[in-house]
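As given, the protein sequences belong to chains V and Y, one line each in that order. Remember, the numbering used here sits 36 above the position in the first sequence when you count from 1. Remember, the numbering used here sits 336 above the position in the second sequence when you count from 1. Worksheet: the structure to be examined is printed underneath.
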Amino acid sequence: MSKIVLKNLAKHFGAVKAVDNLTLEIPAGSFTTLLGPSGCGKTTTLRMIAGLETPTDGEIWIGDQCVFSRREGRFVPAGDRGLGLVFQSYALWPHLTVFENIAFGLKIAKVKKAEVQKRVEETAEVLQIGELLKRYPNELSGGQQQRVAIARVLVMRPQVLLLDEPLSNLDAKLRMDMRAELKRLHSEMGSTVVYVTHDQLEALTLSTHVAIMDRGTLQQWSPSMVVYNQPANVFTADFIGNPRINLVQGVFKKEQERFVFAAPGLELPLDVSEDLVRLVGRPVTLGLRAEDFTLSTTPAEGFLAAEVESVLPAGSEWFVRVRLGELALMTSTTYDPQVDSGGTLWIQVKPEKMKFFDEDEKLIIGIGSTYGRKEVA
Amino acid sequence: MTTVGRLIGRIRMKSSPERLLAVLFMIVLAYVVFVPLLVMLKETVLVHPMERFQIPGAMPGDFTWHHWKTVLTSPTLVKPLMNSLIIAVSLGLLSVLVGGILAWLVVRTDMPFKKAISNLAMIPYIMPSWTMTLAWITIFKNQRIGGTQGIFQYLTGIEPPNWLAYGMLPIIICLTLHYFPFGFMLIGRALQNIDSQLEESAELLGASRWQNMRKIIFPLVLPTIFSTFLLTFSRGLGTFGAPSFLGGPVRLYVLSTLLHSNLVGQRTGMAYIIALIMIAFGVLVLYMDSKVLASRRSFVTISGKSGYRGVTSLGKLSKPIGIVVLALMALVVIVPVVVLAIDSVMLLPGRYELSNFSLHYWIGPASSTIGLGTNVAGVLRNPQILEAFGNSLKLSLATALICGTAGMLIGYAVVRLRGTRTAYLLNNLSFVPYLIPSIAFGSIFLALFGVPRGPIPGLYGTFTLLVLACSVKYLPYAARSGIGAMMQIGPELEEAGEMAGAGWLQRLRKIVFPLQKGPFFSGLLLPFISAMRELSLVVLLVAPGTQLATTITIRYTERGWTAYANAVMILIVAVVLILEYISRRLLGTDLAKGIGG
Chain V
37 MSKIVLKNLA KHFGAVKAVD NLTLEIPAGS FTTLLGPSGC GKTTTLRMIA GLETPTDGEI
97 WIGDQCVFSR REGRFVPAGD RGLGLVFQSY ALWPHLTVFE NIAFGLKIAK VKKAEVQKRV
157 EETAEVLQIG ELLKRYPNEL SGGQQQRVAI ARVLVMRPQV LLLDEPLSNL DAKLRMDMRA
217 ELKRLHSEMG STVVYVTHDQ LEALTLSTHV AIMDRGTLQQ WSPSMVVYNQ PANVFTADFI
277 GNPRINLVQG VFKKEQERFV FAAPGLELPL DVSEDLVRLV GRPVTLGLRA EDFTLSTTPA
337 EGFLAAEVES VLPAGSEWFV RVRLGELALM TSTTYDPQVD SGGTLWIQVK PEKMKFFDED
397 EKLIIGIGST YGRKEVA
Chain Y
337 MTTVGRLIGR IRMKSSPERL LAVLFMIVLA YVVFVPLLVM LKETVLVHPM ERFQIPGAMP
397 GDFTWHHWKT VLTSPTLVKP LMNSLIIAVS LGLLSVLVGG ILAWLVVRTD MPFKKAISNL
457 AMIPYIMPSW TMTLAWITIF KNQRIGGTQG IFQYLTGIEP PNWLAYGMLP IIICLTLHYF
517 PFGFMLIGRA LQNIDSQLEE SAELLGASRW QNMRKIIFPL VLPTIFSTFL LTFSRGLGTF
577 GAPSFLGGPV RLYVLSTLLH SNLVGQRTGM AYIIALIMIA FGVLVLYMDS KVLASRRSFV
637 TISGKSGYRG VTSLGKLSKP IGIVVLALMA LVVIVPVVVL AIDSVMLLPG RYELSNFSLH
697 YWIGPASSTI GLGTNVAGVL RNPQILEAFG NSLKLSLATA LICGTAGMLI GYAVVRLRGT
757 RTAYLLNNLS FVPYLIPSIA FGSIFLALFG VPRGPIPGLY GTFTLLVLAC SVKYLPYAAR
817 SGIGAMMQIG PELEEAGEMA GAGWLQRLRK IVFPLQKGPF FSGLLLPFIS AMRELSLVVL
877 LVAPGTQLAT TITIRYTERG WTAYANAVMI LIVAVVLILE YISRRLLGTD LAKGIGG
């Protein structure tokens, strides 16, 4: 169990900055996810931690040991960092049996034969692949290969376990099982896990901490539920959540001692603290998730009439796309709205769920009652 | 941290084994490809010992523009250059035409016997390039130049005219029959790789088969056709065997034969100017080909997801066409071998009768009374020929091993460094020997290693020189197949080993090599066969002690003892074909994959 510290880490490929000035402290024993769209630098970051990629600049610490420092000229090779890495493609050696695959690292480390046998069998037992030891990788299913790949890494008892999109090659059902399995392993092993994925749902369900990256820079670093409720900027808000968050461009106005957010088709009265007066007249972006609306089938006080564009039932909930003047909004409800395309619904925005973003800085503006004034790092 | 430790850390960060490998190979390749160019340039402006009397008042070693002036002002070079270009262009066009039609028939029509035809079509390329040439001479030779009659005259009583027996026409025909498999293979593969969805879309939009062919397939294959033309063109320019055997008797000179006679006559300056001209053509071809390749990459897509491929029905003609094509292929393969075999068992040349049958030139003793009275023992008991044959085998084996290993390592470095400038450079550099005409390449090695240079001793007349020349010349094949093989194993397999603490050598030994065993051994085949049948490249480099099976045939042909030469050819063809067969059976190798990059 070790913490991992990245200080001003950078990796440039020519003019392309794959990772730029990344500073991050991953707590010991945490399950941290590096999350972002493809090309955001998450895998590069993981590979730098692993020692497979040499950073252009910065420092990497694992536990109390500095494993990389450009300034000091220090570079600890991958094999000496006490890490395990599970590859996206599993990278099982096709010419070796499952046993030989798992035993490879132990043999390199010159562990005694009896000990190798014992540890491989133990690990195989934990991952429930005890019967597969004599088989070759191409005789295994995707899920079994996945387990072998994890066993091969766990048998070395690594301080830190790195996983590079390990579930992306599995079908949806198997993926759900493996998530539960990974969570069980994490609590049993207690080692620090760094997990790379582009799947936000996976990130939210698995991890204790999430680092969201985009184009090589860190966008947000917080416990996993915080990123959903308090996105640090428009990118994070837009990236997390399915369906996508509604982003409404508008301006802050003050009308007769009342603050108002005004957008074409939408005007929302607000209850804000006095020091936000400086923002009056400024353009802002309002972020509203589908569940941030209250829907009504009949007209009601404070509700706006909206034209229904389409209704998408999803089993446990219904997604309804509505139109308010020029504005198209995705809303959701947990009961059947009993309306068809072309019909009318009445909607209200839950005031405590409004997320405002400054047009230039993209930082959240502390506003609304529940999240009032809370700045998110 | 100490300064030394810091330095080591710095170096470790920057260097990786694949980078070191790449740099090493680049240095070696640059040395064997570019340094000789400078040496040759220098030689073209020096007076050589044999030229003292042609250049009044000059001493050997003096600086002179004599050679360049001669080339630029006198017509000595114009005719051979034109001849070479005519041959090369015709060869390029014919290879595209014959190979292309054959490829279309095999890949895109319902012609029967496809498998047999495509197997047969590769054989002419595997045989030595001048097998066809020797067979041609045996059939069509006439007596105007002296010597005996050929099979044609024996059978018909008509003496073949000079234009049929020797010169341009037979050279072009023989070379085409040798190189058309090139076109067949390259164009065939391009036709196969066209995503059938492209055709299906056109079809759904109402395009007829013929429109599809003209508007979709042809434009997509056009870059390959152009590339095939360039590659065979460059082969035609560098080839030595056919123009030497068929051009010599009618004083038809091409660049390669002129280069050879100048070097033999110790007119080194002239020889190297010719070599430089040939290299200039090679570089031009490389440049043009890379342009074509760059454009090709942009639009040929390979998906192969759909099993459907547009097959044109030949209707009633399908069977007759199949039979004709099969017969033609069989003819091209069998006739030359049979002709050479018959000629080698005729005691007196020119009389193709049963009574004249004799195995004298195969197993007879040295005699001055039997047959031609050559006083040379039959091929199978002639120590000189057997030694040459042994040399050929040794050379092929050494070349194959060196090429195979180097090719794998280059493949490793290029694939691991993919996307970097180093990989790009190494990849292109390893392809350069392919495009330097063989005989010019031989003269490069003569220039480079003929005399001691720095720490490298003079290697002229040594076996090492032959191995070196062949290894570098065939490196492009090996590098191509090495890159192809390495592409198959993702970097993660090795990185997983790295994570487990395995060092580079351990990873090579435990992961990379076990996975590449198959490709490695099958990759040995092409360099082996190429070295076994090589003539153009080694003809300048052999010395009395290092004669090869191929070069010794020239000596016998020159003396008019074709029976010996033909017998040796049969042996070479046999070795090459048997080897190809065995490795196809045992390793499942497909030569077609390695040719042409």
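Just so it is clear, CB atoms sit at the ideal spot from N, CA and C, and this is done for glycine as well.
{"Asked": "Within chain Y, the residues that S125(V) reaches when beta carbons sit closer than 8 Å", "Found": "G826 and E828"}
{"Asked": "Runs of alpha helix (DSSP H) lying entirely within the segment 142-183 of chain V, each at least 4 residues, in chain order", "Found": "149-162"}
{"Asked": "Alpha-carbon spacing of R891(Y) relative to L573(Y), whole angstroms", "Found": "23 Å"}
{"Asked": "Contacts of L851(Y) in chain V (Cβ-Cβ under 9 Å)", "Found": "W129, P130 and H131"}
{"Asked": "E379(Y) at chain V interface by Cβ criterion, 8 Å", "Found": "no"}
{"Asked": "Segments assigned alpha helix (DSSP H), at least 4 residues, entirely inside the segment 435-470 of chain Y", "Found": "450-462"}
{"Asked": "Buried or exposed by the 16-neighbour rule on C-beta atoms within 10 Å, applied to A216(V)", "Found": "exposed"}
{"Asked": "Contact between the segment 157-170 of chain V and the segment 123-135 of chain V (3+ Cβ pairs under 8 Å)", "Found": "yes"}
{"Asked": "Chain Y contact residues for L82(V), given Cβ-Cβ distances below 8 Å", "Found": "Those within 8 Å of L82(V) in chain Y number zero; the least Cβ separation is about 12 Å."}
{"Asked": "Cα-Cα separation between N478(Y) and T893(Y), rounded to whole angstroms", "Found": "15 Å"}
{"Asked": "Touching by the beta-carbon criterion (3+ pairs, under 8 Å), the segment 750-766 of chain Y and the segment 577-584 of chain Y", "Found": "no"}
{"Asked": "Proximal residues of chain V, C-beta to C-beta of G837(Y) below 9 Å", "Found": "P113, A114, G115, D116, G141, I144, A145 and M192"}
{"Asked": "Neighbour-count burial assignment, S223(V), 16 or more Cβ in a 10 Å radius", "Found": "exposed"}
{"Asked": "Where the beta strand (DSSP E) through L306(V) begins and ends", "Found": "L302 to L306"}
{"Asked": "For Q479(Y), the three-state DSSP class (helix, strand or coil)", "Found": "coil"}
{"Asked": "Residue environment, T80(V), which counts as buried when at least 16 other CB atoms sit within 10 Å", "Found": "buried"}
{"Asked": "Endpoints, alpha helix (DSSP H) assigned at D213(V)", "Found": "A208 to M225"}
{"Asked": "G321(Y): first and last residue of the uninterrupted alpha helix (DSSP H) it sits in", "Found": "Residue 321(Y) lies beyond the range of chain Y shown here (337 to 933); nothing can be said about it."}
{"Asked": "Rounded C-alpha distance that separates F617(Y) from F767(Y)", "Found": "15 Å"}
{"Asked": "Element boundaries [beta strand (DSSP E), containing Q101(V)]", "Found": "Q101 to S105"}
{"Asked": "I459(Y) beta carbon less than 8 Å from that of T474(Y)", "Found": "no"}
{"Asked": "Proximal residues to R752(Y) (C-beta, below 7 Å), its chain only, five neighbours per side dropped", "Found": "E354 and P827"}
{"Asked": "Span of the alpha helix (DSSP H), counted from its first residue to its last, around E95(V)", "Found": "It is not in any alpha helix (DSSP H) - E95(V) instead sits in the beta strand (DSSP E) that spans D93 to I98."}
{"Asked": "Contact check, N194(V) vs G72(V), beta carbons under 8 Å", "Found": "A small correction: the amino acid at residue 194(V) is Pro; Asn does not occupy that position in the sequence shown. Not closer than 8 Å, so no."}
{"Asked": "Cβ-based burial, I494(Y) [other Cβ within 10 Å; buried from 16]", "Found": "exposed"}
{"Asked": "N-terminal and C-terminal residue of the beta strand (DSSP E) that A742(Y) is part of", "Found": "That residue, A742(Y), is in no beta strand (DSSP E); its alpha helix (DSSP H) goes P719 to R752."}
{"Asked": "Amino acids of chain V, ordered along the chain, whose beta-carbon sits closer than 7 Å to that of Q602(Y)", "Found": "Chain V residues near Q602(Y): none, gap ~52 Å exceeds 7 Å."}
{"Asked": "Partner residues on chain V for Q978(Y), Cβ-Cβ distance less than 7 Å", "Found": "Any answer about residue 978(Y) is impossible in this case: the structure gives chain Y only from 337 up to 933."}
{"Asked": "For A299(V), three-class secondary structure by DSSP", "Found": "strand"}
{"Asked": "Contacts around V904(Y), its chain only, beta-carbon distance under 7 Å, and the 5 residues preceding and following it disregarded", "Found": "V715, I721, A885, I888 and T889"}
{"Asked": "heavy atom of the ligand PLP below 7 Å from E536(Y) C-beta", "Found": "No copy of the ligand PLP occurs in the structure displayed, which carries no ligand at all."}
{"Asked": "Cβ-based burial, M418(Y) [other Cβ within 10 Å; buried from 16]", "Found": "exposed"}
{"Asked": "Chain Y residues whose Cβ lies nearer than 7 Å to that of G351(V)", "Found": "The premise fails here: G351(V) is roughly 33 Å from chain Y at the closest Cβ pair, so nothing lies under 7 Å."}
{"Asked": "Contact set for D679(Y): own chain, Cβ-Cβ below 7 Å, skip 5 residues either direction", "Found": "T474, T898, A899 and N902"}
{"Asked": "C-beta contact flag for I775(Y) and S592(Y) at 8 Å", "Found": "yes"}
{"Asked": "Whether L197(V) touches G120(V) by CB criterion (8 Å)", "Found": "yes"}
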